[in-house]
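Take a look at the structure set out below.
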Amino acid sequence: NGKRPLFGPDLPKSDEIADVLDTLHVIAELPSDSFGAYV
Numbered sequence: 021n022g023k024r025p026l027f028g029p030d031l032p033k034s035d036e037i038a039d040v041l042d043t044l045h046v047i048a049e050l051p052s053d054s055f056g057a058y059v
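Residues 21 to 59 (our numbering) make up the sequence shown, in order.
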């Protein structure tokens, strides 16, 4: 469970990709049992 990012913050991204990455960032902050039923 490393916290090292897979890519830097300067990665060019569309609004749609930025939205997905923001969503994944929120999920990463939650306890794993919060979303386990959906995965």
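Glycine included, every Cβ here is placed at the ideal spot set by N, Cα and C.
| Under the three-state DSSP convention, the category D53 falls into | helix
| query | What is the C-beta distance between L26 and K33, in whole angstroms, given that I count them as a contact (C-beta under 8 Å)? | reply | That belief does not hold up - the Cβ atoms of L26 and K33 are roughly 13 Å apart, past 8 Å.
| Beta-carbon contacts of K23 that lie in its chain and below 6 Å, excluding the five residues immediately before and after | none
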